[in-house]
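Inspection log for the structure reproduced underneath, given as structure tokens.
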Amino acid sequence: MTIIDFIKENKLISPGQRVLCAVSGGADSMCLLHYLSENAHRLGISVCAASFDHMLRGEESASDCRFVADWCSKHGIECLTGSGDVRRRAELEGMSEEEAARASRYEFLENAAEKLGCSVIATAHNANDNAETMLFNLTRGGGLKGLCGIPPKRGNIVRPLLGTTRQEIEAYNAANAIEYVSDKTNASDDYTRNVLRHHVTPVLEGINPAFFEACTRTVQLLREDEACLDDMALKAYNEHYRSGAFPADKLLELPKPVAMRVLRMICGRSLSFTHAQAVYAIASSSEYRSADVSGMRVECDVGVLYFGREYSVPESVELKLGTQQLVPGSEFAVKSEIIANYGKKNESFNILYFNYDSICGSISLTSRKPGDKIKLCGRGCTKSLKDLFSEAKLSRMERETTPVLRDEKSVIAVYGFGVAERCIARPGDKVIRVTINKTKLTGDN
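In the working numbering, the protein residues as written are 4 to 448.
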């Protein structure tokens with residue numbers, strides 16, 4: 004496959020686009036710059052160049068930048084150069100030199116593209132680079148996505164030489180008498196990629212002389228599989244993920260590779276294999292379970308996975324009869340008042356009536372407390388709130404946030420469940436009416 008065929012098949016560049024070629028001055032990037040400029044008319048594009056000095060090799064790297072600028076000047080190609088103290092950035096930001104170099108380089112390229120009016124940035128990664136990336140990810144356990152290597156396109160970054168081997172690049176340069184510079188650090192084994200390049204891939208080429216071509220084909224197949232699984236995961240995500248929650252049974256129905264991708268969509272691509280497995284494991288639990296992953300808490304509660312769920316437990320508030328009050332730490336407002344002659348049956352679970360004389364001391368609204376019990380009117384038995392909530396299949400959040408009313412003796416009512424038998428109001432009684440609503444406080448007290 005020719006470079007132009009690779010560009011068209013992967014839809015890297017469209018006619019009418021202005022392309023910024025990232026050029027270090029080395030064999031690969033000079034090949035790319037020459038090829039794109041020579042075939043600009045066939046592709047219907049215009050070509051610019053940009054070269055960045057990482058300031059890691061002193062005068063040598065500065066000289067490489069000048070070489071690129073001079074070459075572009077001779078060939079009528081607009082070029083921008085820049086530099087950055089990568090070593091200092093690595094120290095200040097706690098990065099490796101490789102990470103700092105990459106970050107600085109791409110920041111420069113994005114700025115250069117904007118200045119030159121380019122919508123696409125072309126880099127010179129080739130088939131050998133892709134195979135080395137694939138091998139590196141294999142050794143560190145990168146999963147299917149890691150084995151897909153370097154993508155031909157990511158955002159506005161394109162890689163036209165990804166289907167071209169280094170041997171083919173060298174042949175092209177020789178045939179076209181293209182000059183280039185050599186980076187001495189490429190000969191050093193201080194970098195992992197160089198170790199693979201110098202000691203691993205030559206052995207694999209000895210087994211299969213067409214190793215890099217085989218890797219290119221394999222990566223293409225893996226990339227197609229990855230895209231298929233991603234599409235399935237996205238469909239499941241869109242169908243079932245709502246407001247930070249995903250039904251556990253729907254996750255478990257998915258093929259596991261798809262389920263893992265759904266979890267990464269929710270938790271972020273940095274979700275590790277171990278953390279993804281932990282979340283998948285709690286999804287199958289019939290009891291409340293949680294896991295802390297990627298800076299968030301994931302909970303499986305009543306058959307639902309909650310991601311980064313936050314809630315506040317209602318603070319204790321003593322009711323002031325005749326007023327409406329907000330309950331701190333909750334979305335509830337409570338209104339309490341005295342009624343001299345109760346005349347109707349209580350049929351609401353948020354409007355609660357208590358016999359005035361049955362109340363011991365003051366009434367407070369709180370969350371549940373360990374050991375809380377209540378004998379609800381009409382139930383005929385005393386139950387712990389723990390059992391009451393469990394039988395009602397309340398989620399952990401609902402259990403912690405359900406308002407509980409108590410006097411100085413015991414629990415007298417539970418929001419949504421009813422009033423304690425000892426406090427029940429009867430027609431003609433003097434009563435205390437308490438109304439609890441999920442509303443903001445409005446009006447005057």
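Every residue, glycine too, gets a C-beta built ideally from N, C-alpha and C. None of these values were measured; they are calculated from a predicted model.
Excluding the 5 residues preceding and the 5 following residue i in the sequence, name in chain order all residues of the same chain whose CB lies nearer than 6 Å to its CB.
| i | result |
| --- | --- |
| Y418 | T405, P406, I439 |
| C303 | A251, I285, A286, S288, R292 |
| I362 | D410 |
| E313 | none |
| F9 | G166 |
| K87 | This sequence places Gly at residue 87; Lys is not what is there. Closer than 6 Å at the Cβ level, and outside the excluded window around G87, lie S107. |
Roughly how many angstroms separate the alpha carbons of residue i and residue j, rounded to a whole number?
| i | j | result |
| --- | --- | --- |
| G456 | L112 | The structure shown does not extend to residue 456, since the chain spans only 4 to 448, so no value can be given for it. |
| L23 | I124 | 5 Å |
| Y240 | M268 | 8 Å |
| A104 | R91 | 10 Å |
| P331 | S351 | 24 Å |
| R429 | E403 | 31 Å |
| N13 | Y175 | 22 Å |
| K148 | M137 | 10 Å |
| A116 | H243 | 40 Å |
| V184 | M58 | 16 Å |
| I48 | N42 | 9 Å |
| E334 | D234 | 39 Å |
| I153 | L15 | 14 Å |
| D67 | W74 | 11 Å |
| E62 | A93 | 20 Å |
| A72 | I7 | 25 Å |
| V282 | E424 | 43 Å |
| N353 | G421 | 8 Å |
| V26 | H128 | 11 Å |
| L322 | C426 | 16 Å |
| K372 | R382 | 21 Å |
| G364 | E401 | 28 Å |
| E394 | K378 | 15 Å |
| G346 | L408 | 22 Å |
| N140 | L388 | 52 Å |
| R162 | P155 | 5 Å |
Identify, in the order they occur along the chain, each residue of the same chain with its Cβ nearer than 7 Å to the Cβ of residue i, setting aside the five sequence neighbours on each side.
| i | result |
| --- | --- |
| S122 | Q20, R21, N159 |
| V320 | Q328, V330, P331, S367, L368 |
| A236 | V261, R264, V265, M268 |
| R200 | E135 |
| G311 | G247, M299, R300 |
| H44 | none |
| F70 | G28, V184 |
| L225 | L147, L150, C151 |
| R169 | N129, N131 |
What's the call for residue i, buried or exposed, on a 16-neighbour Cβ count within 10 Å?
| i | result |
| --- | --- |
| C231 | exposed |
| A180 | exposed |
| S17 | exposed |
| S3 | The first residue shown for the chain is 4 and the last is 448, placing residue 3 beyond what the model contains. |
| C384 | exposed |
| T188 | exposed |
| A178 | exposed |
| I415 | buried |
| T142 | exposed |
| P212 | exposed |
| T5 | exposed |
| T326 | exposed |
| A217 | exposed |
| D390 | exposed |
| D228 | exposed |
Spatial neighbours of residue i within its chain, please: CB distance less than 8 Å, with the 5 preceding and 5 following residues excluded, ordered by chain position.
| i | result |
| --- | --- |
| F214 | A134, T204, L207, E208 |
| S76 | C82 |
| P453 | This structure gives no information on residue 453, because the portion of the chain shown stretches from 4 to 448. |
| L46 | I7, I10, I16, P18, L39 |
For residue i, which residues does DSSP report across the bridge?
| i | result |
| --- | --- |
| G421 | V417 |
| A294 | V301 |
| S54 | T84 |
| R436 | E340, Y356 |
| F3 | Look at the range of the chain in this structure, 4 to 448, and you will see that residue 3 is not part of it. |
| S49 | R21 |
| S387 | K376 |
| V123 | V22 |
| I427 | F357 |
| I160 | I124, R157 |
| T326 | S339 |
| R409 | S367, V414 |
So that I know if they touch, is there some Cβ in chain D lying closer than 7 Å to that of residue i?
| i | result |
| --- | --- |
| D31 | In summary, chain D is missing from the structure at hand, where a single protein chain is found. |
Exercise for the section: Evaluate the contact criterion for the stretch 79–88 versus the stretch 35–55: three or more CB pairs, one atom per stretch, below 8 Å. Expected result: yes
Practice task
Tell me, please, whether the stretch 270–278 touches the stretch 335–344 by the rule of three or more beta-carbon pairs shorter than 8 Å.
Solution key: no
Handout entry: At least 3 beta-carbon pairs within less than 8 Å: the stretch 164–173 vs the stretch 25–44
Key = Short answer: they touch.
Handout entry: At least 3 beta-carbon pairs within less than 8 Å: the stretch 430–437 vs the stretch 353–362
Key = These segments touch.
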